[in-house]
Structure formats: C-alpha cells, structure tokens
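Working notes for the structure below.
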Amino acid sequence: MPLDSHPALANLVDDGEVFRIHNRLYHDPAIFQAELRHIFSTTWVYVGHVSEVPEVGDYKSATIATQPVIVSHHEDGEIYVLFNRCRHRGTVVCRDDSGHSNYFRCPYHNWVYANDGALVGVSMADGYQDLDKGGLGLQRIPRTGVHRGFIFASLADRGPSLEQHLAPLQKYIDRWLARSPDGEVRVLPTAHRFEYPGNWKWQAENGTDSYHGNYVHESWQRVLQRAGESRVKDVRAFRSAGCARGFDHGHALLERPAGLNPNASWTGRMMQTYPEYRQAMESRHDAESLEAVSAKLIIFVFPNMFMFDTHIRVIDPVRVDNTQIRFHVYALNGVPEEMNTHRYRAHERFFGPAGFGTPDDMEIFNASETGMRATAVDWSLLNRGQHREARDGAERVGDINDETTTRSLYREWKRLMATGDGADR
Ligand code: FES
Ligand SMILES: [Fe+2]
Numbered sequence: 014m015p016l017d018s019h020p021a022l023a024n025l026v027d028d029g030e031v032f033r034i035h036n037r038l039y040h041d042p043a044i045f046q047a048e049l050r051h052i053f054s055t056t057w058v059y060v061g062h063v064s065e066v067p068e069v070g071d072y073k074s075a076t077i078a079t080q081p082v083i084v085s086h087h088e089d090g091e092i093y094v095l096f097n098r099c100r101h102r103g104t105v106v107c108r109d110d111s112g113h114s115n116y117f118r119c120p121y122h123n124w125v126y127a128n129d130g131a132l133v134g135v136s137m138a139d140g141y142q143d144l145d146k147g148g149l150g151l152q153r154i155p156r157t158g159v160h161r162g163f164i165f166a167s168l169a170d171r172g173p174s175l176e177q178h179l180a181p182l183q184k185y186i187d188r189w190l191a192r193s194p195d196g197e198v199r200v201l202p203t204a205h206r207f208e209y210p211g212n213w214k215w216q217a218e219n220g221t222d223s224y225h226g227n228y229v230h231e232s233w234q235r236v237l238q239r240a241g242e243s244r245v246k247d248v249r250a251f252r253s254a255g256c257a258r259g260f261d262h263g264h265a266l267l268e269r270p271a272g273l274n275p276n277a278s279w280t281g282r283m284m285q286t287y288p289e290y291r292q293a294m295e296s297r298h299d300a301e302s303l304e305a306v307s308a309k310l311i312i313f314v315f316p317n318m319f320m321f322d323t324h325i326r327v328i329d330p331v332r333v334d335n336t337q338i339r340f341h342v343y344a345l346n347g348v349p350e351e352m353n354t355h356r357y358r359a360h361e362r363f364f365g366p367a368g369f370g371t372p373d374d375m376e377i378f379n380a381s382e383t384g385m386r387a388t389a390v391d392w393s394l395l396n397r398g399q400h401r402e403a404r405d406g407a408e409r410v411g412d413i414n415d416e417t418t419t420r421s422l423y424r425e426w427k428r429l430m431a432t433g434d435g436a437d438r
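Per the numbering used here: the sequence shown = residues 14 to 438.
Take a look at the structure:
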C-alpha cells in the first residue's frame, strides 16, 4: 500500500489524550507530496479577490498545489481560473503577477489564447495539418467559486461545494466584512511577497497562534510602551481576552471582543477618530451588532488563507522546506480615505518588511526548522487547553491562548490524509 494514501500518514497526527504531531510533518518530502495531493488538490484553495480583476481583461497569477494558474476576467463577465500551461510544449503563457490584456501570448513559439483560455492563434500554422484548435485551449480548473468577493478554486471535480466548505465560517466572514459600511473590501495592487526556508504549516499554524504573541513580539510591546501609546500590561490584558475557535474543515479563528473602547478596540478607535465612519456604522448597526462587528477577528480559511485586520494573507507551499507568502493589503469600502491610509501605515508598522511583527515570526519559523533537526524527540505537543476545550455545536471553543485553532487544522489534515480525497464530508 503506498505510504501516501494510507492512514499510516494520518497516524502522524495523534489526536488522543495528549494531542501531538510527528516531526516528519515538517521535513519529509513524501509527506509534502501527499499534502499536495490529498489537501491542496482536493479542497478549495483561495486564489484571489474580485477587486484584483475588476475589469474585463484583468488577470492575476496564483498557484494551487504548486501548479501555476491564471485568474482571468473574460468579456462574458465570468472569472475563469485556467492552468497557466501552453498546450504546445508547456511553457507558462502568463509570467506577470497581474495585468490587463485581451489575450495571453506564449513566450516560446507565440501561440495565442483568449482570456477564457480559447486558443485563437497559432504561429506558422501552415506547419500543421488539421490542428484542432477548439480542443487546445488552456485547461480550466475543474471547479471555481466566489464567496462575497473571495475567489476559490478546486482541482477536484467533486467534493463539498464552496458553500459547504465555508459554511462554518460564514457568519464570521460576514462580521469581518461588516467593518466596511458597504460590507466590501478592495485589495490594493502589488502584494508584499516573501519566502522563508521552512514548511508551509509554520505559517498556517502561527497566524491564529495567540500563545506566542507576548514572547515573540515582546519588543513590539515595549516599543509601544516607550512611545507612550500603550503599556505592556494593558496590551497583554487585551491579548488575554476573547477566545480561540476551531471548526470542521480545518478552519479556525481568534476573536478578541473589546466593545468600542478606543484603547482596546480597533473599530472603536477608528470610530472615535473618524466621525464619518462612526455615523456610517451607527446607521447600519444597532449597539449589539456594532459590538460584535468591532471584535478583532483573525480568520484562517483552510488550507491557505488568512483574513487579518489590514491584509489578506496567502500561503503558497513551494517545497517541503520552502514557502512563499503574500500579504495583500486591502481598503475598506465606504470609509474616509484618510482612515484607509491610517490602516496602511498601521499595517506597515507591524507587518511590513521593516515592521516589528513579521520578521519576528520568520525568525521563529527558522528556529523551529532548525530545532526539528534534533532527532531525539519525534513529537511536538499541541495539547495546550485540550482539557478545557468546549463544544458549541460544531465549533470548539478555547481560551484565546490555547491551541484550539492548531488542533482544528491538524484534525482536518489527519482526516484528509486518511480518506485521501476530501469527498466524505
Ligand atoms: S510552448 Fe507555447 S507556443 Fe510553444
Ligand atoms: Fe506573530
């Protein structure tokens, strides 16, 4: 029985009394290949936002399970997700991150494709006899779907629908979008892109790991204190409020309610600083709903996307020990432009290339990869708060600093590895 299709792999996640995962998950190339096959090729993968391709002819590049794809807005109004692979000899026909064009021209021998993938031109065509152009378009990804502006694609032609996949998160995504009075975001051009020499799951885990914040980002908290913006102890008190939620399908989130207290709540602060924003929000929400919307949310959409306060984060696994990350900063629609600018500057301070947060996390991913080379210990512990995790319907709820979120990720990892195709939900 092949190693990558058997519960043998699933057993590397031990969801018993002490939840733990085996070191091989981070450095075994065979496991990485199995993940591409059983996770990234079966489930729904985030490939972009409609605001990145608003006009007919707009396109952007993405990857699914390391395979290059193009997200393309065609004149029929549809957004197609196409394999970025010339039907002649395989060259990518689109080498740009994003752009605008009515066609894709292969750089090798100049075959030309329309932006729905149809082959519309073949150079020196007299060299071919009976070339079936109709059957030689760029291949479409089997399934694509858009949920509230977020574009997803699946390499599997069967399995749960996008709605089923996102169902556990739907109300939280609605809440996250409701910080915009219009309920919409628009992604700004040009992502902040970087890579780290480590496994993709470090990032998938870390985005909703609240536990590390006070230690890995301690210098940030001290800078805030020195600048007279907030005291370390207040930041820590705020960071210990709220809860961690884990869901079926591997999704997870952190939720930090802070009412509308401007010292602790981002939305509260923005409402205090920008009266126009306050007005717009108060006209759309009653007090209870406003409080719910103002809670800080960090949402992980399994397997490759996060929704943060200021950006959408996308994980592209490249190799077992190499991962590419994209931060797509977005504007909130329907708010004063100065408020968005305020948000971008706040983003840069913590998440930007010279910011205080992201370099800290990258340093830790490196340190974790290094530590994993010590072979005396095979398993890592993920049991923080396991004993006090509550069930709320299909949701698991833990203390904000518990590993509830990471356990959800690995429960789905285990399930997909065991079943092999993600179809039996
Ligand atoms: S590989 Fe694309 S035209 Fe030859
Ligand atoms: Fe962090």
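We put the beta carbon where it would ideally sit given N, CA and C, even for glycine.
If you're wondering where the values come from, they're calculated on a predicted model, not measured in any experiment.
Using DSSP's beta-bridge definition, name the partner residues of residue i.
i, result
"ASN335", "ARG332"
"PRO440", "Given a span of 14 to 438 for the chain in the structure shown, any question on residue 440 remains unanswerable."
"VAL198", "LEU345"
"LEU394", "ARG33"
"ALA166", "VAL58 and THR157"
Looking at the secondary structure, which residues open and close the beta strand (DSSP E) in which residue i lies?
i, result
"GLN142", "From DSSP, GLN142 is part of no beta strand (DSSP E); its letter is neither H nor E."
"MET318", "318-320"
"THR388", "Segment: none, THR388 is in no beta strand (DSSP E) and carries neither H nor E."
"ALA403", "403-405"
"LEU266", "265-269"
"HIS439", "The requested residue 439 is not part of the displayed model; the chain covers only 14 to 438."
Using a Cβ-based criterion (distance less than 7 Å to any ligand heavy atom), does residue i qualify as near ligand 1?
i, result
"ARG404", "no"
"TYR126", "no"
"GLY103", "yes"
"CYS119", "yes"
"GLN99", "According to the sequence as given, residue 99 is Cys; it is not Gln. Yes."
"HIS113", "no"
"HIS86", "no"
"HIS51", "no"
"ASN123", "yes"
Where do the ends of the alpha helix (DSSP H) carrying residue i lie?
i, result
"PRO42", "42-48"
"PHE363", "350-364"
"PHE306", "Here the sequence assigns Val to residue 306, which means Phe is not the residue at that position. Here the alpha helix (DSSP H) through VAL306 covers 300-307."
"HIS178", "175-179"
"SER421", "417-432"
Indicate whether at least one CB of chain C lies closer than 8 Å to the CB of residue i.
i, result
"MET318", "Here chain C cannot be found, since the structure has a single protein chain."
How about residue i: is its Cβ closer than 7 Å to a heavy atom in ligand 2?
i, result
"ASN317", "no"
"VAL229", "yes"
"HIS324", "no"
"GLY211", "no"
"ASP71", "no"
"GLY370", "yes"
"GLY147", "no"
"GLY226", "yes"
Contact the region 367-380 vs the region 224-235: 3+ CB pairs below 8 Å: At 8 Å Cβ cutoff, the stretches touch.
At least 3 beta-carbon pairs within less than 8 Å: the region 180-197 vs the region 345-357: The region 180-197 vs the region 345-357: in contact.
Three CB pairs or more closer than 8 Å across the region 202-209 and the region 330-342: Yes: the two stretches touch, three or more of their Cβ pairs being nearer than 8 Å.
contact_flag[the region 424-434, the region 260-267] where n(CB pairs < 8 Å) is 3 or more: Contact annotation: the region 424-434 touches the region 260-267, with at least three C-beta pairs closer than 8 Å.
Stretch pair the region 285-304 + the region 240-248: three plus CB contacts closer than 8 Å: By the Cβ criterion, the region 285-304 is not in contact with the region 240-248, since fewer than three pairs of Cβ atoms, one from each stretch, lie closer than 8 Å.
Validate contact between the region 37-44 and the region 211-218 using beta carbons, cut 8 Å, 3 pairs: These segments touch.
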